[in-house]
Amino acid sequence: MKKAIVFKNVRKNYKQLKAVDGISLSIEQGEFFGLLGPNGAGKSTLINMMAGLVKPSDGSISVMGFDVNKEYQKARHSVGIVPQELVFDPFFNVREMLRFQAGYFGKDKSNDKWVDEVIERLDLTEKSSTNMRKLSGGMKRRALIAQALVHRPPVIVLDEPTAGVDVELRQKLWSFIKELNNEGHTIVLTTHYLEEAEALCNRVAMMKSGKIVALDSTKNLLKEFSLKNLKVRLQKNNIKKIATLLKDTPFEEEDGWCTFKLQKVSDASNIIEKLNSLKIQILDLKVIESDLENIFLKLTSKN
Amino acid sequence: MNTLRDQLIGTWTLLKKELLRFWRVAFQTVAAPVITGILYLLIFSQVLGDRLEVYEGVNYLVFLIPGLIMMSLLQNSFSNSSSSLIQAKIMGNIVFLLLTPLSYLQLFFAFLIAAIVRGMFVGICIYLIAMFYVDLPIQHPWFVFIFAFCGGGLMGAFGMIAGIWSTRFDQMAAFGNFVIMPLSMLSGVFYSIHSLPPIWQNISHFNPFFYMIDGFRYGFFGQSDTSPYLSLLIVVSFFIILSFITIRMLKSGYKLRN
């Protein structure tokens, strides 16, 4: 089966700045792939090169087996891109804009039914005759997503789709994007929200300074970089006591809470037994699991 | 995927959108230039009226009308493609075109035809209103059409170049104020260049607008300041050169895909 997207040693230089620095990456069909990274990491440049909005300095990119430069028309038929900025054409209403967008891809009136379905699924029916200028930010975001879907592309790229979107709409968009993925669409999501990537993506790449610093399934990343911490709340005098008595078990103290880093789960019971044997009363305790955010911070600071 | 049919639908869709875009604001894009043209007509007809005869049997008012029609046609063809591109670039919605499989030739032809249509529409409106004032028969309709088409196309292509090159509205305004306006005003719209001193007559021959207006006027009167065939050759040559530059810019993605 053809790969949905392949980046081969892709570079983009802006004078001295290496915005994308030799990225090679394959995304399978049907994947829900997350591209994470701080501002300026090179995520949008990578997406824009795939979309044909920016020309790579070196390397090649293909979408559904079509080179984005040599076979750009076929490649662009295969991908729908939701841009990061809330851009719109102020002369037209939602339905007109979507029909025009479908027409650019060679879709005639027979596609109007699908356009109406997209409008309905994105809860835009009531606003379909409203001029784009008069839509709220959230509605504009939905219209942008609809625009990327009107030509039924197998690959959908969402560049920060939930930036500046309220919690309710974010949840709605998440479930809609999940639905698209379940229907067989390959989804590529760039996001700042690690919680979003953790909830949605099967696989993630973390970028920093134009390079990929981690690439694995979300599950593996969480497992590999898992950091379980045991937090116990003690009386102040006991904290001083254990600092001298438990020299072989390092911990960090903050606001009465002592945090012990666990290498394995059994370490937690050992620490609790030690505290019991020293007759130190535990006021409260909890086990904290690392999330993608911790891993991301760890990886980006390491690199 | 992306068959000839797809490409035709794509080009037609963009053309339709461009036509609708100016029609939605017809008060600004059609009514305003028509009123400006009619005001020129009213003022000059009151001031000079039938006191001057420019060509044999052609009084000043009749002489003025084809020039005014062509000047409005050229300015509006330029405005259509240039304003569409600069607005799309500044508002960011140019990405909706750049993300599609539309080729550089599809983009070129859709913008070009839309520019010609708007220019011709404004020109026809002025012509129809002018017919209330004077009898203005057309002696060579094909000359009128070919100069209107090539002139509108030339200015549509020039508008695309300006729209692609400009990154700010003031840069775009500079094209209008410092290139289009002086060249069209000094092209013989309001006078025959034979009424100018020899040096200015010679300088006028370096102005491409002069040939567009003079050739167009020939279509009405069968008389002109210079050979209509020379005018046609120059206008078609400029049209081809500017089209070639525009296509090169669109193909390379100059100031669009970066």
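As you go down the protein sequences, you meet chains C and A in turn. Residue 4 is where the first sequence starts when you use the working numbering, and the numbers rise one by one after that. Residue -19 is where the second sequence starts when you use the working numbering, and the numbers rise one by one after that. All C-beta atoms in this analysis are idealised placements derived from N, C-alpha and C, irrespective of residue type, glycine included.
Can you grab the Cα-Cα spacing for the pair A/F278 / A/W3, in whole Å? Since the displayed chain A opens at -19 and closes at 238, residue 278 of chain A lies outside it and no answer follows.
Could you tell me which residues DSSP pairs with C/R160 in its beta bridges? At residue 160 of chain C the sequence reads Val, which differs from the Arg that was named. For C/V160, which the question treats as bridged, DSSP gives the partners C/I84, C/V191.
Proximal residues to A/S167 (C-beta, below 6 Å), its chain only, five neighbours per side dropped: N187, F189, F190, I193
Determine the contact status of A/T226 and A/M140, defining contact as a CB-CB distance below 9 Å. In contact: A/T226 and A/M140 (Cβ atoms closer than 9 Å).
I need the DSSP call for C/Y196, collapsed to helix, strand or coil. Coil, per DSSP.
C-beta contact flag for A/I93 and A/A142 at 9 Å: no
Per DSSP, what kind of secondary structure is C/V71 in: helix, strand or coil? coil
Looking only at its chain, what residues have a beta carbon closer than 8 Å to the beta carbon of C/P93, apart from the 5 residues adjacent to it on each side? N134, M135, R136
Is A/A90 buried or exposed, if buried means 16 or more other CB atoms sit within 10 Å of its CB? buried
Could you please give me the residues that DSSP links to C/R236 through a beta bridge? C/W260, C/D287
Own chain, CB closer than 6 Å to C/R145, minus 5 neighbours either side, in chain order: L125, L127
Any non-hydrogen atom of the ligand FAD closer than 8 Å to A/G168 Cβ: Because no ligand of any kind appears in the structure shown, any question about the ligand FAD cannot be addressed here.
By the three-class DSSP mapping on this structure, what secondary structure does A/M111 have? coil
Reference C/A78; option with closest CA among C/V90, C/L38, C/S63, C/L89: C/S63
Between the CA atoms of C/F91 and A/Q116 - distance to the nearest angstrom: Per the sequence shown, residue 116 of chain A should be read as Leu rather than Gln. Taking the straight line from one Cα to the other gives about 45 Å.
Are the CB atoms of A/F125 and A/G199 nearer to each other than 9 Å? yes
Distance between beta carbons of C/L224 and C/I2, contact taken as under 8 Å: Because chain C here runs from 4 to 306, residue 2 of chain C falls outside it and cannot be looked at.
Near-chain A residues of the stretch 99 to 110 of chain C - C-beta to any C-beta below 9 Å: Taking 9 Å as the upper bound on Cβ-Cβ separation, chain A lies near residues E99, M100, R102, F103, Q104, A105, G106, Y107, F108, G109, K110 of the stretch 99 to 110 of chain C.
In chain A, which residues lie less than 9 Å from C/V23 when you measure between Cβ atoms? Chain A residues near C/V23: none, gap ~14 Å exceeds 9 Å.
Our contact map puts C/P157 next to C/T189 with C-beta atoms below 8 Å; I'd like the distance itself, whole angstroms only. Contact between C/P157 and C/T189 holds, since their C-beta atoms are separated by about 6 Å, short of 8 Å.
What are the start and end residues of the alpha helix (DSSP H) that includes A/A154? Looking at the DSSP string, the run of the alpha helix (DSSP H) that includes A/A154 is 149 to 155.
In terms of alpha-carbon separation, which member of C/E88, C/L302, C/N72 lies closest to C/M210? C/L302
Given that A/Q(-13) touches chain C, what residues does it touch there, using C-beta distances under 9 Å? Q76, G109
Look at the alpha carbon of C/V13 and the alpha carbon of C/I148, and state the distance between them as a whole number of angstroms. 27 Å
Hey, does C/I285 have any beta-carbon neighbour from chain A nearer than 9 Å? Judged by the 9 Å Cβ criterion, C/I285 is not in contact with chain A.
Alpha-carbon to alpha-carbon, C/D111 and C/L39: 37 Å
Restricting to runs no shorter than 4 residues, where is the alpha helix (DSSP H) found entirely within the stretch 50 to 115 of chain A? Counting only runs of 4 or more, we get 75 to 78, 84 to 110.
Nearest to C/R155 (by Cα), restricted to the options C/Q19, C/E276, C/I84: C/I84
Between C/C261 and C/I242, what straight-line distance do the alpha-carbon atoms span, to the nearest angstrom? 8 Å
Looking at C-beta atoms only, is the number of pairs between the stretch 67 to 84 of chain A and the stretch 103 to 110 of chain C that lie closer than 8 Å three or more? yes
Classify A/A110: buried if its beta carbon has 16 or more other beta carbons within 10 angstroms, exposed otherwise. A/A110 comes out buried.
What number of angstroms, rounded off, separates the C-alpha of C/C204 from the C-alpha of C/G37? 6 Å
Kindly list the residues whose CB is nearer than 8 Å to the CB of C/K282, restricted to its own chain and excluding five residues on each side of it in sequence; keep chain order. Correct list: empty, nothing qualifies.
Any residues in the stretch 115 to 127 of chain C with a beta carbon nearer than 8 Å to a beta carbon of chain A? Which ones, in chain order? none
Spatial neighbours of A/G(-10) within its chain, please: CB distance less than 8 Å, with the 5 preceding and 5 following residues excluded, ordered by chain position. T80, P81, L82, Q86
Just list the alpha helix (DSSP H) runs in the stretch 123 to 154 of chain C, keeping only unbroken ones of 4 residues or longer that don't cross its boundaries, in chain order. If we require 4 residues or more, the alpha helix (DSSP H) runs fully inside the stretch 123 to 154 of chain C come out as 140 to 152.
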